[in-house]
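> Sharing a structure, written as structure tokens. Questions coming.
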Amino acid sequence: SDNIPGVKGIGEKTALDLLKKYDGLDGIYEHIDEIKGARKEKLLEGKEDAYKSKELATICRDVNIPINLAKAKNNGVNPEYISLLEELEFNSLLSSDIKQKESDLSYKVIKEFNIKEDYAIFPLKTGLNFHKSNLLGLAISTKSNNYFISKENITEEIFTSKYFKYTYDLKGLIVLASKLGYKVKDAFDLFLSAYLLNEEIDVDISILASSKNKVINSFKDIYKKDKYIISDEELIYDSISKARFIYDESVIEEEKINSDKSLKKLLYDVEIPLTRVLAKMEIKGVKTSFKVLDSFSLELKKELEKLEKEIYKYAGEEFNILSPKQLGSILFEKLEVPYPRKVKNNTYSTDKDVLYKIRHLTPIAPLVEGYRKNSKLLNTYLNSLKEEIGEDGRIHTTFNQALTRT
Numbered sequence: 011s012d013n014i015p016g017v018k019g020i021g022e023k024t025a026l027d028l029l030k031k032y033d034g035l036d037g038i039y040e041h042i043d044e045i046k047g048a049r050k051e052k053l054l055e056g057k058e059d060a061y062k063s064k065e066l067a068t069i070c071r072d073v074n075i076p077i078n079l080a081k082a083k084n085n086g087v088n089p090e091y092i093s094l095l096e097e098l099e100f101n102s103l104l105s106s107d108i109k110q111k112e113s114d115l116s117y118k119v120i121k122e123f124n125i126k127e128d129y130a131i132f133p134l135k136t137g138l139n140f141h142k143s144n145l146l147g148l149a150i151s152t153k154s155n156n157y158f159i160s161k162e163n164i165t166e167e168i169f170t171s172k173y174f175k176y177t178y179d180l181k182g183l184i185v186l187a188s189k190l191g192y193k194v195k196d197a198f199d200l201f202l203s204a205y206l207l208n209e210e211i212d213v214d215i216s217i218l219a220s221s222k223n224k225v226i227n228s229f230k231d232i233y234k235k236d237k238y239i240i241s242d243e244e245l246i247y248d249s250i251s252k253a254r255f256i257y258d259e260s261v262i263e264e265e266k267i268n269s270d271k272s273l274k275k276l277l278y279d280v281e282i283p284l285t286r287v288l289a290k291m292e293i294k295g296v297k298t299s300f301k302v303l304d305s306f307s308l309e310l311k312k313e314l315e316k317l318e319k320e321i322y323k324y325a326g327e328e329f330n331i332l333s334p335k336q337l338g339s340i341l342f343e344k345l346e347v348p349y350p351r352k353v354k355n356n357t358y359s360t361d362k363d364v365l366y367k368i369r370h371l372t373p374i375a376p377l378v379e380g381y382r383k384n385s386k387l388l389n390t391y392l393n394s395l396k397e398e399i400g401e402d403g404r405i406h407t408t409f410n411q412a413l414t415r416t
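Counting the sequence shown from 1 gives a position; the numbering used here is that position plus 10.
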């Protein structure tokens, strides 16, 4: 993988054994006469490659580099380059390591919701998937203040208050509130408004924040394998920072949307009503039968076994049919089927186009196409669908309306 050749014909295991036994490369060649047969010949033929490879693989630590540690300190990207990085969409370089962090946010933990002004809501939940997770609490930001209210103190008034509400992904909030038996009044959805304004968005709010020169944690900063990797206190602060961003940015975005009659109509008369329809569809879910899926799985397994036997019969041996390398070796080396392309790096492609071009030359090609199709149906779809069925016997999917598809 690193293009360092080593000694041709000497594999990793053999090389390690020899290096240990003779205490390094010099030791191997000092005791070369103790090594017998083909192994000795390969080592002698590849002696130059062996030393060249060692030189290439050794990290050079004796280069005289004059360095001033103070000058080497990372003080972040020069501000004049930030707009260029944004234009070129180098989002990872615009992370918290490079951008100036926002000043610390103060907040109050409240037990009773009594806010009498417009506010933003960000839900802190147990995982990324709204359907598989539950509310832990809500972060709330007003024009001047920030609050956190834990699950046991959440009341319906938070979702139905007469004051105007801002959020990011209204649909997700509706799904979470429904689990508590609450409904959500219409709110300004920063996710949808940014989509309509052709801004850079993702279900992960940090992408939009990054495009606005704001630093907030991304999913990967706080989740790993759908579990939190930061403390409870940090989680609350994280949700507060997101509610704060939602409020501040929504006020700006709302003005942009309202200044354009067509966009205003699109957001409030089309997109937000559609969000409610999609939320109902997601909450309802799709009734799915284990029995039907299992029956279909059994059918596919039998078909795969049948195709497998036929492929092995024509190949004259058993091999991993889904391995492009092994399949290429069988077709173009063992069976000597003419390869329809130019060979690159001594490897053969067995993609769909190649198999289609050699269909008339070997019965294995159409059989492999069928094997791949059925294997994908079984493993990618049927098995995965079964894992997604909830306790209610339904699959609760997620619809994303903020995508452009032709």
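Every residue, glycine too, gets a C-beta built ideally from N, C-alpha and C.
Here the structure is a predicted model, which means the values were calculated and not measured.
Since Leu-202 and Thr-298 should fall inside the 8 Å C-beta cutoff, what is the C-beta to C-beta distance between them, to a whole number of angstroms?
To locate residue 202, count along the sequence shown from 1; it is residue 192. To locate residue 298, count along the sequence shown from 1; it is residue 288. Leu-202 to Thr-298, Cβ: 29 Å. No contact.
> Is the segment 324-336 close to the segment 354-372, with three or more CB pairs under 8 Å?
Yes: the two stretches touch, three or more of their Cβ pairs being nearer than 8 Å.
> Are the beta-carbon atoms of Tyr-247 and Leu-115 separated by less than 9 Å?
Position 237 of the sequence shown, counting from 1, holds the residue named residue 247. Position 105 of the sequence shown, counting from 1, holds the residue named residue 115. Cβ atoms of Tyr-247 and Leu-115: closer than 9 Å.
> Per DSSP, what are the beta-bridge partners of Ser-160 in this structure?
Counting from one through the sequence shown, the residue named residue 160 turns up at place 150. For Ser-160, which the question treats as bridged, DSSP gives the partners Gly-147.
> Buried or exposed, going by whether 16 or more other CB atoms sit within 10 Å of the CB of Thr-408?
Position 398 of the sequence shown holds residue 408. By the neighbour-count rule (16 or more Cβ atoms within 10 Å), Thr-408 is not buried but exposed.
> Anyone know if the C-beta pair for Leu-28 and Ile-14 falls short of 9 Å?
Here residue 28 refers to the residue found at position 18 of the sequence shown. Here residue 14 refers to the residue found at position 4 of the sequence shown. No. Outside cutoff.
> Rounded to the nearest angstrom, how far is the Cβ of Ala-25 from that of Val-185, given a contact under 8 Å?
Translated into the one-based positions of the sequence shown, residue 25 becomes position 15. Translated into the one-based positions of the sequence shown, residue 185 becomes position 175. That pair is no contact at about 56 Å.
> Could you round the C-beta distance between Ile-405 and Val-302 to whole angstroms and report it? I think they count as a contact, below 8 Å.
Taking the first residue of the sequence shown as 1, we reach residue 405 at position 395. Taking the first residue of the sequence shown as 1, we reach residue 302 at position 292. With 8 Å as the limit, Ile-405 and Val-302 do not qualify as a contact, their Cβ atoms being about 13 Å apart.
> Excluding five sequence neighbours on each side, which residues of the same chain lie with their C-beta closer than 7 Å to the C-beta of Ile-340?
Numbered from its first residue, the sequence shown carries residue 340 at position 330. These residues qualify, in order along the chain: Ala-325 and Phe-329.
> Tell me the start and end of each unbroken alpha helix (DSSP H) in the segment 188-214 that is at least 4 residues and wholly inside, in chain order.
Within the segment 188-214, the complete alpha helix (DSSP H) runs of at least 4 residues are 200-206.
> Using C-beta distances below 6 Å, list every residue in its chain close to Ser-160, excluding the 5 sequence neighbours before and after it, in chain order.
On the sequence shown, residue 160 is found 150 positions in, with the first residue counted as 1. So the list reads Gly-147, once near-sequence residues are dropped.
> Buried or exposed, going by whether 16 or more other CB atoms sit within 10 Å of the CB of Pro-133?
Taking the first residue of the sequence shown as position 1, residue 133 is located at position 123. Buried, because 16 or more other Cβ atoms sit within 10 Å of the Cβ of Pro-133.
> Spatial neighbours of Asp-59 within its chain, please: C-beta separation below 8 Å, excluding the five flanking residues on both sides.
Numbered from 1 along the sequence shown, position 49 holds the residue referred to as residue 59. Answer for Asp-59: Pro-15, Gly-16, Val-17 and Lys-18, listed in chain order.
> Are Leu-276 and Leu-206 touching if we call contact CB-CB under 9 Å?
Sequence index remark: in the sequence shown, residue 276 carries index 266 (1-based). Sequence index remark: in the sequence shown, residue 206 carries index 196 (1-based). It is a contact, given that the beta carbons lie within the stated cut-off.
> Out of Phe-198, Ile-131 and Lys-230, state which residue places its alpha-carbon closest to the alpha-carbon of Ala-187.
Mapped onto the sequence shown, residue 187 falls at position 177. That would be Ile-131, whose Cα lies nearest to the Cα of Ala-187.
> Return helix, strand or coil for Leu-377, following the three-state DSSP convention.
In the sequence shown, residue 377 corresponds to position 367, counting from 1. DSSP places Leu-377 in helix when its eight states are reduced to three.
> Out of Tyr-117, Leu-98 and Val-213, which one is the CA nearest neighbour of Leu-138?
As a position in the sequence shown, residue 138 is number 128, starting the count at 1. Measuring from the Cα of Leu-138, the nearest candidate turns out to be Val-213.
> Since Ile-150 and Ile-125 should fall inside the 8 Å C-beta cutoff, what is the C-beta to C-beta distance between them, to a whole number of angstroms?
Translated into the one-based positions of the sequence shown, residue 150 becomes position 140. Translated into the one-based positions of the sequence shown, residue 125 becomes position 115. Going by Cβ atoms, the distance from Ile-150 to Ile-125 rounds to 7 Å, so yes, they are a contact pair.
> Quick one: what does DSSP say Leu-29 is sitting in, helix, strand or coil?
On the sequence shown, residue 29 is found 19 positions in, with the first residue counted as 1. Three-state DSSP puts Leu-29 in a helix.
> Give the straight-line distance between the Cα atoms of Ile-250 and Ser-307, rounded to the nearest whole angstrom.
On the sequence shown, residue 250 is found 240 positions in, with the first residue counted as 1. On the sequence shown, residue 307 is found 297 positions in, with the first residue counted as 1. C-alpha separation (whole angstroms): 46 Å.
> With Ala-204 and Glu-263 assumed to form a contact (beta carbons below 8 Å), what rounded beta-carbon distance in angstroms separates them?
Indexing the sequence shown from 1 puts residue 204 at position 194. Indexing the sequence shown from 1 puts residue 263 at position 253. That belief holds up - the Cβ atoms of Ala-204 and Glu-263 are roughly 6 Å apart, short of 8 Å.
> Under three-state DSSP, which class holds Arg-254?
For this step, residue 254 is matched to residue 244 along the sequence shown. Residue state, collapsed to three classes: helix.
> So Thr-177 is in the beta strand (DSSP E); what residue range does that whole segment cover?
Here the question's residue 177 lines up with position 167 in the sequence shown. Unbroken beta strand (DSSP E) run through Thr-177: 175-177.
> Whole angstroms is fine: what's the gap from Gly-338's alpha carbon to Lys-83's?
As a first step, residue 338 must be located in the sequence shown, where it is residue number 328. As a first step, residue 83 must be located in the sequence shown, where it is residue number 73. Taking the straight line joining both Cα atoms gives about 51 Å.
> Lys-378: buried (16+ other C-beta within 10 angstroms of its C-beta) or exposed?
Stepping through the sequence shown from its first residue, residue 378 is reached at position 368. A small correction: the amino acid at residue 378 is Val; Lys does not occupy that position in the sequence shown. It is buried - the Cβ of Val-378 has at least 16 other Cβ atoms within 10 Å.
> According to the neighbour-count rule (16 or more other Cβ atoms, all chains shown, within 10 Å of its Cβ), is Gly-34 buried or exposed?
What you label residue 34 is simply residue 24 of the sequence shown in a count that begins at 1. Its Cβ having fewer than 16 others within 10 Å, Gly-34 is exposed.
> Please determine, among Glu-318, Asn-410 and Ser-221, the residue with the shortest C-alpha to C-alpha distance to Phe-255.
Numbered from 1 along the sequence shown, position 245 holds the residue referred to as residue 255. Ranking Glu-318, Asn-410 and Ser-221 by Cα distance to Phe-255 puts Ser-221 first.
> Leaving aside the five residues before and after Leu-180 along the sequence, list all residues of the same chain whose C-beta is less than 6 Å from its C-beta, in chain order.
One-based indexing of the sequence shown puts residue 180 at position 170. Ala-197, Asp-199 and Thr-285.
> Starting from the C-beta of Ala-67, find all residues in its chain whose C-beta is less than 6 Å away, skip the five residues before and the five after it, and write them out in chain order.
Counting from one through the sequence shown, the residue named residue 67 turns up at place 57. So the list reads Ile-14, once near-sequence residues are dropped.
> Comparing C-alpha positions only, which one of Pro-350, Glu-327, Lys-354 and Glu-309 sits nearest to Lys-344?
As a first step, residue 344 must be located in the sequence shown, where it is residue number 334. Comparing Cα-Cα distances from Lys-344 to each of Pro-350, Glu-327, Lys-354 and Glu-309, the minimum goes to Glu-327.
> Excluding the five sequence neighbours on either side, which residues of its own chain have a C-beta within less than 8 Å of the C-beta of Ile-399, listed in chain order?
For the purposes of this step, residue 399 is identified with residue 389 of the sequence shown, where counting begins at 1. Counting only Cβ-Cβ distances below 8 Å, and skipping sequence neighbours, we find Thr-298, Phe-300 and Ile-405.
> In three-state DSSP terms, what is Ile-331?
In the sequence shown, residue 331 corresponds to position 321, counting from 1. Coil at Ile-331, not helix or strand.
> Suppose the cutoff is 7 Å on Cβ atoms and the five residues either side in sequence are ignored; what does the same chain contact list for Leu-387 look like?
Within the sequence shown, numbered from 1, the residue matching residue 387 stands at position 377. The answer, listed in chain order, is Leu-310.
> Let me check one thing: in DSSP terms, what residues is Leu-134 bridge-paired to?
For the purposes of this step, residue 134 is identified with residue 124 of the sequence shown, where counting begins at 1. DSSP output for Leu-134 lists Gly-147 as bridge partner(s).
> For a test of the three-state rule: what should DSSP assign to Tyr-129, helix, strand or coil?
Residue 129 sits at position 119 when you count from the first residue of the sequence shown. Strand at Tyr-129.
> With respect to the alpha helix (DSSP H) encompassing Arg-71, which residues constitute its N-terminal and C-terminal limits?
Taking the sequence shown and counting its residues from 1, the one referred to as residue 71 is at position 61. No alpha helix (DSSP H) holds Arg-71; DSSP gives it neither H nor E.
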